[in-house]
Amino acid sequence: MGREGKEDGGEGAKLRNDVSPSVEAPVKKAISVTVNGVPYRHEVEPRLLLVYYLREVLGLTGTHIGCDTTSCGACTVIMNGLAVKSCTVLAVQAEGATILTVEGLAKDRTLHPIQEGFWEEHGLQCGFCTPGMMLTALQILERNPEPSEEEIRHGLDGNLCRCTGYQHIVNSIRYASRKIKEEGGTAIPETAGRERR
Ligand code: FES
Ligand code: FES
C-alpha cells in the first residue's frame with residue numbers, strides 16, 4: 000500500500016496537512032529565583048502556580064496546598080519580605096524574587112524562634128496549617144515585634160486551622176516575639192529579602 004502521496008507533494012497530501020491539528024509544545028518562560036538562599040533557574044509554563052513550582056519542581060513540599068483558592072493560607076511563603084499565598088502567585092511573577100519557605104527557617108540545626116515557639120507552646124496538632132501559620136507569623140512579628148493577642152489573631156485572619164482552636168498558635172507567636180527580642184534579631188531573616196514598601 001502506498002504512502003498516500005505524503006512525499007509526492009500532491010494536492011491530497013496538502014489538504015490533509017492543512018487540516019491536521021497542530022500539537023505544539025507549551026511555551027515556557029525562564030525564571031530565576033532564590034529560595035532559602037539557593038539560586039535556581041528553570042523554564043516554566045506561564046500558567047504554573049508558585050506553590051506547584053516550589054513543591055513539584057524544587058521538591059520543597061513543606062509548603063502545603065489546602066484549598067487552591069486563596070482561602071486557607073496553608074501555602075503561605077515569604078516573597079521579597081512579604082507573606083504571600085503561593086497558590087495565587089504565578090511562578091513567572093516570582094522572577095527575580097527571594098523566597099523563604101518553611102524549609103529555610105532553621106539554621107545549622109537550630110530552630111528559628113517561631114519554630115521553637117510552636118514546639119514549646121504546642122502550636123500544632125496535625126501540622127497541616129503549620130508552615131503557613133509560621134510564615135504568616137513572621138510577617139506579623141516583622142511589622143509589630145510585640146503584638147497583642149488581638150493583633151496576632153487579626154494578623155492570622157487569612158490562615159485556617161482545623162485542629163488547635165488557635166489559642167496555642169497565638170501563644171506560640173507570643174513566645175517567638177519574646178525570643179526574638181531576647182536575641183535582638185529580626186523575625187524575617189535578611190536572606191529572605193526585605194519588604195518593598
Ligand atoms: S492553598 Fe493557598 S490559600 Fe489555600
Ligand atoms: S494543626 Fe491541623 S490544621 Fe492546624
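Start counting the sequence shown at 0; every next residue gets the next number (numbering that gives the first Met the number 0).
We put the beta carbon where it would ideally sit given N, CA and C, even for glycine.
If residue i sits next to residue j, beta carbons under 8 Å apart, how far is it from one beta carbon to the other, in whole angstroms?
i    : j    : result
G62  : L48  : For clarity, residue 62 is Thr in the given sequence; the question names Gly instead. 11 Å between Cβ atoms; not a contact.
G95  : S31  : 6 Å
L123 : T129 : 4 Å
G192 : T97  : 3 Å
L59  : E119 : With a Cβ gap of about 25 Å, L59 and E119 do not count as contacting.
V50  : S85  : 4 Å
E42  : A29  : 5 Å
Return the CA-CA distance between residue i and residue j, expressed in angstroms with no decimal places.
i    : j    : result
D156 : A175 : 19 Å
V34  : R40  : 11 Å
T109 : E115 : 9 Å
C66  : E182 : 36 Å
L104 : K27  : 31 Å
H167 : V22  : 53 Å
T69  : L89  : 13 Å
H121 : V56  : 32 Å
I151 : A73  : 17 Å
H160 : I64  : A quick correction: the sequence has Cys, not His, at residue 160. If I take the Cα positions, the gap works out to 13 Å.
K198 : T87  : Residue 198 cannot be examined here, being either before or after the span of the chain that is shown, 0 to 196.
I139 : E148 : 11 Å
P112 : R177 : 9 Å
N158 : F117 : 15 Å
T81  : D107 : The question names Thr, but residue 81 in the sequence shown is Leu. Cα-Cα distance, rounded: 24 Å.
Give the single residue among the options whose Cα lies nearest to the Cα of residue i.
i    : options              : result
V83  : G154, R177, Q124     : G154
T100 : C86, K178, F117, V76 : V76
E44  : V32, V91, N79, S70   : V91
T190 : N79, G58, A29, E42   : N79
R46  : A93, K106, C162      : A93
>> Could you check whether the stretch 133–147 touches the stretch 158–176, counting it as contact only if at least three pairs of C-beta atoms, one from each stretch, sit closer than 8 Å?
In response: yes
> Taking three-plus beta-carbon pairs below 8 Å as touching, is the stretch 137–156 in contact with the stretch 176–191?
Replying inline: yes
> Who sits around ligand 1, taking every residue whose Cβ is closer than 6 Å to one of its heavy atoms?
Replying inline: I64, G65, C66, D67, T69, S70, C71, G72, A73, C74, K84, C86
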